[in-house]
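First residue of the sequence shown: 10, per this note's numbering; consecutive thereafter.
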Amino acid sequence: MTLLSPARDALATGPLCDACLGRLFADRSFGLTNADRGHSLRVAVALEDDEPFEDPDDECWVCEGECARYDWWAENAAAAVRGYDFSTYQVGTRVPPLLEENDLLLREEAGLDEDAGELLKSEFNREVGKRFGALTDTEVDFGRPDIMLHCDLTTDEVEVQVNSAFVYGRYRKLKRDIPQTKWPCRDCNGTGRQRDELCDGCDGTGYRYDESVEQLTAPVVEEAMDGSGATFHGAGREDVDALMLGSGRPFVIEVDDPHVRDIDTDPLQADINDFADGKVEVEGLRLATHEMVERVKEHDASKTYRMDVSLDEPVDQETFDAALDELDGATIYQETPQRVDHRRASKTRTREVYSIDGTVDGDTAELEVHGEGGLYVKELVSSDEGRTEPSLAGLLGVGAEVTALDVLDVEGEAEPFADEDFFRDA
Ligand SMILES: [Zn+2]
Ligand SMILES: [Zn+2]
10 MTLLSPARDA LATGPLCDAC LGRLFADRSF GLTNADRGHS LRVAVALEDD EPFEDPDDEC
70 WVCEGECARY DWWAENAAAA VRGYDFSTYQ VGTRVPPLLE ENDLLLREEA GLDEDAGELL
130 KSEFNREVGK RFGALTDTEV DFGRPDIMLH CDLTTDEVEV QVNSAFVYGR YRKLKRDIPQ
190 TKWPCRDCNG TGRQRDELCD GCDGTGYRYD ESVEQLTAPV VEEAMDGSGA TFHGAGREDV
250 DALMLGSGRP FVIEVDDPHV RDIDTDPLQA DINDFADGKV EVEGLRLATH EMVERVKEHD
310 ASKTYRMDVS LDEPVDQETF DAALDELDGA TIYQETPQRV DHRRASKTRT REVYSIDGTV
370 DGDTAELEVH GEGGLYVKEL VSSDEGRTEP SLAGLLGVGA EVTALDVLDV EGEAEPFADE
430 DFFRDA
């Protein structure tokens, strides 16, 4: 196809800038900007028709001069993100409907298909993006960039969206009665007040527990990244009264609106451990990508527990061992435990006991259980009134109850997420 005929028709529509002319043929030849294409076509038409060459003086009727403002937009975008630390970006453009219509009209006048060449929006994103990247020495990322810029051509404003930053690590909980995340008081719905008085249930704090693993760790990360909020995502959770020991449980802390991303995680780890004051300890801290959140939340790791058990009657070691033999390697059927949130619909699930070991001394026992992720171990001991089958209490024919519970290990690996894809380098 010769380009000269539609180019000539396009030029006849009125003052047209090189970019708007060249954009009609954006799919032809690589390594050129649309403005390069437009300029070449304008020259070629003048040569072919033996007419004097002239650059247009008047404002382009299609883009109304917007294609001449890429530098202005890039500089404004760079100013809008000042104070933010980022290495990747993406530019989006809101084009007024009138300009989109002009683009269509031009194609019609030039006898071209509606979708010939490239959209004004795409050219804008690329041209402003290219300049912004050069100004800020950062890279475009079409997946999940650190920041998103929206150039709104109707208001002449740049909107900045700063994506969260993520820190991965593993925690140990060394004191009991600490929930993993903030636990709002049920009596006052977290408001701390009831009928204009301080809530009795929480002494006005709004929380059922004074501290959580989240509250002992996330604020330190939020401050280090100069963010405006932080959320704790754990790979499962232990009971409030259980310790979390061994190599720790994986977690991700997500920081909203971070001004700083590339922090050194070694001093951060030390700062968190200072702040958590021996109640919680973190290790293996690394910067992570947003994919790590899903990864950690879906992670249903096998766990090893240590439990103190109280029995309603004394049991001898032989009887006790026979019961443990039955449970060793068994598939356990469990209805949702009664202690679990009553709003949750009850369902039966099966989980494996990989191994179980223990000693008994009269009416107290100690157990170590390695079980599949999601196994309810307190119910494995007590039977939860027959809702868990088989169970230690059921097999012994004696009531049994866990009086202390510790998580010794999650998955038995120091690093369950070896995949480098989910980490980012500082
Ligand atoms: Zn134009
Ligand atoms: Zn309360």
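Even glycine gets a Cβ: it sits at the ideal position worked out from N, Cα and C.
The residue from Asp59, Leu25, Val100 and Trp82 with its alpha-carbon nearest to that of Glu68 is Leu25. For Asp205, the shortest C-beta to heavy atom distance toward ligand 2 is 7 Å or greater. The beta carbon of Gln278 lies closer than 8 Å to those of Gly178, Val291, Glu292 and Leu294 in the same chain, with the five residues before and after it left out. Linking Glu327 to Ala239 through their CA atoms gives a straight-line distance of about 52 Å. Taking a C-beta distance under 8 Å as the contact criterion, Val264 and Ile156 do not qualify as a contact pair. If you look at His159, you'll find it isn't in any alpha helix (DSSP H); it sits in the beta strand (DSSP E) that goes Ile156 to Asp161. Of Leu333, Gln343, Arg358 and Ala402, the smallest CA-CA separation from His379 is found for Leu333. The residue from Ala174, Asn134 and Arg202 with its alpha-carbon nearest to that of Leu158 is Asn134.
For the segment 121 to 204, the full-length beta strand (DSSP E) segments reaching 3 residues or more read 156 to 161, 166 to 171 and 174 to 182 along the chain. Nearest to Phe329 by alpha-carbon distance, out of Val369, Gln99, Ala297 and Thr359, is Val369.
Distances from the alpha-carbon of Pro188 to those of Phe95, Ile272, Val324 and Asp219 put Asp219 closest. In the structure shown, Gly31 falls within a helical segment according to DSSP collapsed to helix, strand and coil.
Val416 and Gln203 have their alpha carbons spaced roughly 37 Å apart. Excluding five sequence positions before and after Leu225, the CB atoms of its chain that fall closer than 7 Å to its own CB belong to Phe284, Ala285, Lys288 and Val289, given in chain order.
Within the model, the alpha-carbon separation for Glu168 versus Glu132 is close to 19 Å. Counting other Cβ atoms within 10 Å of its Cβ, Lys184 stays below 16 and is therefore classed as exposed. The shortest CA-to-CA distance from Ser14 to any of Asp112, Asn111 and Glu118 is the one to Glu118. When the beta-carbon positions are compared, Leu162 and Val100 stay at least 8 Å from each other. In this structure, Arg32 is the residue among Leu20, Arg32, Ser391 and Asp393 with its C-alpha nearest to the C-alpha of Glu123. In summary, Asp321 is exposed, with fewer than 16 beta-carbon neighbours lying within 10 Å of its beta-carbon over all protein chains present. Per DSSP, the continuous alpha helix (DSSP H) segment holding Lys387 begins and ends at Val386 to Ser391. Every residue whose Cβ sits closer than 5 Å to any heavy atom of ligand 2 is listed here in chain order: Cys194, Asp196, Cys197, Cys208, Gly210 and Cys211.
Relative to the non-hydrogen atoms of ligand 1, the Cβ of Val104 never comes closer than 7 Å to any of them.
Taking 7 Å as the cut-off, one finds at least one heavy atom of ligand 1 near enough to the beta carbon of Leu25. Taking 8 Å as the cut-off, the Cβ atoms of Met316 and Val411 count as close.
Using a 10 angstroms sphere on the CB of Val349, the tally of other CB atoms stays under 16, which defines it as exposed.
The beta carbon of Ala86 sits closer than 6 Å to those of Phe141, Leu158 and Val167, all from its chain and outside the five residues before and after it, given in chain order.
Between Lys312 and Gly243, the C-beta gap is not smaller than 8 Å, which leaves the two residues out of contact. With distances taken between CA atoms, Gly406 lies nearest to Ser391 out of Asp196, Val419 and Ser391. Taking 8 Å as the cut-off, the Cβ atoms of Thr147 and Phe95 count as close. Two segments are said to touch when three or more pairs of C-beta atoms, one from each, lie closer than 8 Å; by this definition the segment 268 to 282 does not touch the segment 333 to 342.
The beta carbon of Pro228 lies closer than 8 Å to those of Ala239 and Phe284 in the same chain, with the five residues before and after it left out. Residue pairing from DSSP places His379 in a beta bridge opposite Thr313 and Ser364.
Tyr385 sits away from Thr359, with the two beta carbons spaced by 8 Å or more. Pairing Asp18 with Gly120 gives a Cβ-Cβ distance under 8 Å. DSSP, reduced to helix, strand and coil, places Gln99 within a strand of the structure shown.
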